[in-house]
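J.:
Protein chains: 2
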Amino acid sequence: MNSNFVYDIPTKVYFGENHLSHLGEELKKYGKRVLMVYGGGSIKKIGLYDKVIEELKNSGLEVFECSGIEPNPRHTSCNKGAEICKKEEIDVLLAVGGGSVIDATKVISAGAFYDGDCWDIVTRKAPITKCLPIVTILTLSATGSEMDAGGVITNLETNDKIGIGHPLMLPKVSFLDPTNTYSVNVYQTACGCADILSHIMEIYFNMNQDLYMLDTVMEGLMKTVIKYGPIALEEPTNYEARANLMWASSWAINGFIRGGKRQAWSCHPIEHQLSAYYDITHGLGLAILTPRWMEYTLDDTTVSKFYQFGCNVFDLDKSLEPMVVAKKSIELLSDYLFNQLGLKSKLSDLGIDDSKFEIMAKKASYGNVLPGFKPLNQEDIINIYKMCL
Amino acid sequence: MNSNFVYDIPTKVYFGENHLSHLGEELKKYGKRVLMVYGGGSIKKIGLYDKVIEELKNSGLEVFECSGIEPNPRHTSCNKGAEICKKEEIDVLLAVGGGSVIDATKVISAGAFYDGDCWDIVTRKAPITKCLPIVTILTLSATGSEMDAGGVITNLETNDKIGIGHPLMLPKVSFLDPTNTYSVNVYQTACGCADILSHIMEIYFNMNQDLYMLDTVMEGLMKTVIKYGPIALEEPTNYEARANLMWASSWAINGFIRGGKRQAWSCHPIEHQLSAYYDITHGLGLAILTPRWMEYTLDDTTVSKFYQFGCNVFDLDKSLEPMVVAKKSIELLSDYLFNQLGLKSKLSDLGIDDSKFEIMAKKASYGNVLPGFKPLNQEDIINIYKMCL
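Protein chains in written order, with my numbering: chain A, 131 to 519; chain B, 131 to 519.
1) Taking the Cβ atom as the reference point for each residue, do R355(A) and A378(A) lie within a distance shorter than 8 angstroms?
2) Below 8 angstroms between beta carbons is the criterion; list the residues of the segment 360-379 of chain B that meet it against any residue of chain E, in chain order.
3) In the DSSP assignment, find the unbroken alpha helix (DSSP H) run with C196(B) in it and report its ends.
4) Got a sec: which bits of the segment 378-397 of chain A sit with their beta carbon under 7 angstroms from any beta carbon on chain B, in order along the chain?
5) Can you give me the C-alpha to C-alpha distance between T411(B) and G274(B), rounded to a whole angstrom?
6) Would you check if the distance between the CB atom of I267(B) and the CB atom of V282(B) is smaller than 8 angstroms?
7) Do V347(B) and G350(A) have their C-beta atoms within less than 8 angstroms of each other?
8) Below 8 angstroms CB to CB, which residues in the same chain sit around T141(A) once its five sequence neighbours on both sides are set aside?
9) Which chain A residues sit within Cβ distance under 9 angstroms of M331(B)?
10) Using DSSP with H/G/I as helix, E/B as strand and the rest coil, what is M148(A)?
11) Are the beta-carbon atoms belonging to L157(B) and L262(B) less than 8 angstroms from one another?
12) Do the CB positions of V252(A) and V231(A) come within less than 8 angstroms of each other?
13) Three or more C-beta pairs under 8 angstroms: does that hold for the segment 316-335 of chain B against the segment 237-246 of chain B?
14) Per the DSSP calculation, T284(B) is bridged to which residue(s)?
15) Would you say L404(B) and G413(B) are within 8 angstroms of each other, going by their C-beta atoms?
16) Give the residues from the segment 140-159 of chain A that approach chain B closer than 9 angstroms (Cβ to any Cβ), ordered along the chain.
17) If you draw a straight line from the alpha carbon of G359(A) to that of L375(A), how long is it in whole angstroms?
18) Can you list the residues of chain B that Y342(A) reaches, using a CB-CB cut of under 8 angstroms?
19) Considering V164(A), what are the terminal residues of the beta strand (DSSP E) in which it resides?
20) Note down, one range per segment and in chain order, each alpha helix (DSSP H) of at least 4 residues found wholly within the segment 231-263 of chain A.
21) Checking contacts by CB at 8 angstroms: is M131(B) closer than that to chain A?
22) What residue range is occupied by the uninterrupted alpha helix (DSSP H) comprising V433(A)?
23) Cβ of C523(B) within 8 angstroms of Cβ of E488(B)?
24) Assuming G322(B) is part of the alpha helix (DSSP H), what are its boundary residues?
25) Does any C-beta atom of chain A lie closer than 8 angstroms to the C-beta of F305(B)?
26) Please report the straight-line C-alpha distance between Y437(A) and W423(B), rounded to a whole angstrom.
27) Going by DSSP, name the residue or residues bridged to V222(A).
28) Taking the DSSP output, what are the residues bridged to K142(B)?
29) Figure out for me which residue from G227(A), L341(A), H149(A) has the closest Cα to the Cα of I176(A).
30) Would you identify the three-state DSSP class for G350(A), choosing helix, strand or coil?
31) In chain order, what residues of the same chain lie with their CB nearer than 6 angstroms to the CB of Y408(A), ignoring the 5 residues before and after it?
32) Quick check on Q508(B): buried or exposed, where buried means 16 or more other Cβ atoms within 10 Å of its Cβ?
33) Examine the Cβ distances between the segment 429-443 of chain A and the segment 452-462 of chain A and report whether three or more of them are shorter than 8 angstroms.
34) Compare the C-beta of D447(A) against all C-beta atoms of chain B and say whether one is closer than 8 angstroms.
35) Quick check on this structure: which residue in I199(B), P203(B), R163(B) has the alpha carbon closest to the alpha carbon of K217(B)?
36) Do you know offhand how far A373(B)'s Cα is from L341(A)'s?
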């Protein structure tokens, strides 16, 4: 084993309640003109919008707004935000929302310094050289965008959903107040749990042994999500559940658990095609795909990792046959996703048929083979889609 | 449960082999005049000194040296380093060594801006207002000083060993190459493991429920140390073992696992008196104290935490009586420390008798009661010392 990596996650996090009084001082480090980016207005319903505006005004900041960021955020919304940055000479961006809002804000931060369509940034046509600083207030535990340097943007004109990342896009400061997720509904909470789990599994299911220590952390994070997801569904204002899910969501993807592993992801690119073509919730797509992907990749060469997963995450009996533990662990995961979290288990339940599987598989595999835990060619990906019908 | 905290650990870490070519570029961000701080010369034996000097010269940096930092580093050494900083107008400090060297470097970084004895900084007589930036190259997995903002300094004139910390003392960059610990001998490796474990246990043994997620991380870190300590003793050049111990040592104390817990530590202040009076290795003192402190604090009010420890770290049968699991877990920890790591188990083996227990207990409890997992008065602390004889 060799494990070589650079760890560099300087995001400062205010975790818990009543930290908002520090918002002004943090923003002022970067200037006076703030662009507040948010979504469809749920932050107004929960009273967060008013609190933020009050804090910004009290701090003597000049506030501009860019609202209406969509779930699966569009490049057109990024263009709108980047325009405001240029026109109003914005100093710092404040993203208030979930992963979609923060992802869009990241591309806006680069778009502020680019004269052209933000889609060029996403597609790497325009190199990222400079970004506005970003501060976030998180309202949904899922993508981990509040503590990582990446985002995913959708172009509905071309049915493309593409990830983009740059160290300059890493939020400087994030405010993680679990009570801001109290109003997240059962469905979005469940999808968030599936998303967090998938971020961990994309790293965990890896046959190259990296640091054992990081495997133990991943197992702990998975146990946390499995334990608290159903509690948050049952009691939306349970602080303990919301707090555990929130901090787990950040650490699932901020880079720490990745260590020296350089394996490509599997379920995410396969899912991105689903939400690009059908605009379904990313976490739901992942939930439907993941157990089928597991079944499809489980064989004699991969069984040891599933055995480890079953024993350490689901506490299965270590003395059982590895293949028995492996299969049982996939069953338990399915039970968690579809019964305990109550997510739909089939693409057909979402009105999705096999008509686009071929083009989606082609895009997911970049026209070739999707590397990762187990390399998947287009036929493999089509097979996995079919298992989800 | 409520969990409120600020997470702010911006240290950049180069983990693994062959990162040293980045040393020059990282140092140059802060200036050209570098003070290299190190210990008794072990870095020369392993060839690290030559490699570092070559890299610094190739980068066009001007190098000054402050060597001879002791284990349990003295304030007098800090004074020496601070003098050089002032005289040579040093821009940045490079600590090459273990926790002692890095701790001393932290106080030097503040001493560079103070006209007086560095001991005033340690005793809070002189406020810390400014520090030189610090870069570290770690050669011993133990204190975690490479990724935290604290240090411990000894004054042999007054038999005081005092911890001091300040955000400005946090290393900007740390180079963690596990191969730099290959030559650490069996005894120091074992003491390092005891130190890492103690850092985790001081946080873990806490009756205020904080984030479950952080408990799972702590259990994973403890399992990591328990698994790899004996392997590193047996095979000093086992990369996997050295790497796991190294990264675990940083995460045991960088603040992440602390979350919102604000409990005072127990074994560390009790041990600091031992090494202040007898100059023994800190990790050895902790190893001897910890199981006795556990026995002393185990009762009906604390048993649930020991039960959790036994089940999740030592994989004990969850169906057993909690008190049975608790006692067994302490036995297993003792076996680990004294048999598997081969550390001496008694103070009397180190030539320490009870003659100073009273004054040490008084200092450890700040003349009153040591708060923490279970509050300990002077009599309690004397009892624990006696259990170690």
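Glycine included, each C-beta is placed from N, C-alpha and C at the ideal position.
T.: This is what the structure holds:
1) Counting from 1 along the first sequence, the entry for residue 355(A) is found at position 225. Counting from 1 along the first sequence, the entry for residue 378(A) is found at position 248. A small correction: the amino acid at residue 355(A) is Val; Arg does not occupy that position in the sequence shown. Taking 8 angstroms as the Cβ cut-off, V355(A) and A378(A) qualify as a contacting pair.
2) Structure shown: chain E not included; protein chains present are A and B.
3) Counting from 1 along the second sequence, the entry for residue 196(B) is found at position 66. It is not in any alpha helix (DSSP H) - C196(B) instead sits in the beta strand (DSSP E) that spans 192-196.
4) A378, G390
5) As a working note, residue 411(B) is residue 281 in the second sequence. As a working note, residue 274(B) is residue 144 in the second sequence. Computed Cα separation, rounded: 16 angstroms.
6) Here residue 267(B) corresponds to residue number 137 of the second sequence, with the count starting at 1. Here residue 282(B) corresponds to residue number 152 of the second sequence, with the count starting at 1. Going by C-beta atoms, I267(B) is not nearer than 8 angstroms to V282(B).
7) As a working mapping, residue 347(B) is identified with position 217 in the second sequence. As a working mapping, residue 350(A) is identified with position 220 in the first sequence. Yes, they are a contact pair.
8) Along the first sequence, read from residue 1 onward, the residue named residue 141(A) stands at position 11. If we look at T141(A) and ignore the five residues flanking it on each side, its Cβ neighbours are E276, M277, L300, P301, K302, V303, S304, N384.
9) As a working mapping, residue 331(B) is identified with position 201 in the second sequence. Going along chain A, no residue has its Cβ under 9 angstroms from M331(B), so there is no contact; the nearest lies around 16 angstroms.
10) Counted from its first residue, the first sequence places residue 148(A) at position 18. In the sequence under discussion, the amino acid at residue 148(A) is Asn, which differs from the Met named in the question. Coil at N148(A), not helix or strand.
11) Residue 157(B) sits at position 27 when you count from the first residue of the second sequence. Residue 262(B) sits at position 132 when you count from the first residue of the second sequence. Contact flag unset, no.
12) Your numbering for residue 252(A) matches position 122 in the first sequence. Your numbering for residue 231(A) matches position 101 in the first sequence. Cβ distance not < 8 angstroms, so V252(A) and V231(A) don't count as in contact.
13) no
14) Looking up residue 284(B) in the second sequence gives position 154. Answer by DSSP bridge pairing, in chain order: R204(B), K291(B).
15) As a first step, residue 404(B) must be located in the second sequence, where it is residue number 274. As a first step, residue 413(B) must be located in the second sequence, where it is residue number 283. Their beta carbons are not under 8 angstroms apart, which means L404(B) does not touch G413(B) by this criterion.
16) P140, T141, K142, V143, Y144, F145, G146, E147, N148, H149, H152
17) Mapped onto the first sequence, residue 359(A) falls at position 229. Mapped onto the first sequence, residue 375(A) falls at position 245. For G359(A) and L375(A), the distance between alpha carbons rounds to 7 angstroms.
18) The residue labelled residue 342(A) in the question sits at position 212 within the first sequence. T354, K357, Y358, E370, N374, listed in chain order.
19) Locating residue 164(A) in the first sequence gives position 34, counting from the first residue. Note, V164(A): beta strand (DSSP E), 163-168.
20) 248-252
21) Locating residue 131(B) in the second sequence gives position 1, counting from the first residue. Judged by the 8 angstroms Cβ criterion, M131(B) is in contact with chain A.
22) Reading the first sequence from its first residue, position 303 is the one you call residue 433(A). Note, V433(A): alpha helix (DSSP H), 433-443.
23) Lying outside 131 to 519, the shown extent of chain B, residue 523(B) is not represented and no answer is given.
24) Along the second sequence, one-based indexing puts residue 322(B) at 192. Segment 316-334, the alpha helix (DSSP H) holding G322(B).
25) The sequence position of residue 305(B) within the second sequence is 175, counting from 1. No, its Cβ sits nowhere closer than 8 angstroms to a Cβ of chain A.
26) One-based indexing of the first sequence puts residue 437(A) at position 307. One-based indexing of the second sequence puts residue 423(B) at position 293. About 37 angstroms.
27) For the purposes of this step, residue 222(A) is taken as the residue at position 92 of the first sequence. V164(A).
28) On the second sequence, residue 142(B) is found 12 positions in, with the first residue counted as 1. DSSP lists V303(B) as partners of K142(B).
29) Along the first sequence, read from residue 1 onward, the residue named residue 176(A) stands at position 46. With distances taken between Cα atoms, I176(A) lies closest to G227(A).
30) One-based indexing of the first sequence puts residue 350(A) at position 220. G350(A): helix per DSSP, three-state reduction.
31) Translated into the one-based positions of the first sequence, residue 408(A) becomes position 278. I482.
32) Translated into positions along the second sequence, residue 508(B) becomes position 378. Classification for Q508(B): buried.
33) yes
34) For the purposes of this step, residue 447(A) is taken as the residue at position 317 of the first sequence. Closer than 8 angstroms: no.
35) As a working mapping, residue 217(B) is identified with position 87 in the second sequence. The candidate whose alpha carbon is nearest that of K217(B) is R163(B).
36) Indexing the second sequence from 1 puts residue 373(B) at position 243. Indexing the first sequence from 1 puts residue 341(A) at position 211. Straight-line Cα distance between these residues: approximately 7 angstroms.
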